[in-house]
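A short write-up of the structure that comes next.
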Amino acid sequence: MAPVTQQISEIVDCLPEAEQLLVLEIVKRFLPDDAATPDDIAAIHAARAEYARGETVTHDAIDWN
């Protein structure tokens, strides 16, 4: 049996281009998202500032029920 990546490639090659684009978008969803966006960086800075000011909630203060 051929390697999985080769099998996937052969199957995708049989699809019409519109369906290939759909498969591409689905596969992209499985890729890790490690790139921090400007919004991510702003949120990190805001959270660090809140933490530095003591504006945190302890684990025990949360009603987990």
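So the sequence shown is numbered by the working numbering: it starts at 406 and just counts up by one. All C-beta atoms in this analysis are idealised placements derived from N, C-alpha and C, irrespective of residue type, glycine included.
His450, enclosing alpha helix (DSSP H) - first and last residue: Against the sequence shown, residue 450 aligns to sequence position 45. Note, His450: alpha helix (DSSP H), Pro443 to Ala457.
Where Ile467 sits in the DSSP three-state scheme: Working through the sequence shown from its first residue, we reach residue 467 at position 62. The three-state reading of DSSP puts Ile467 in coil, since its state is none of H, G, I, E or B.
Length at least 4, wholly inside the segment 415 to 440: the alpha helix (DSSP H) runs in chain order: Runs found: 422 to 433.
Rounded C-alpha distance that separates Pro408 from Ala440: Counting from 1 along the sequence shown, the entry for residue 408 is found at position 3. Counting from 1 along the sequence shown, the entry for residue 440 is found at position 35. Cα to Cα, Pro408 sits roughly 30 angstroms from Ala440.
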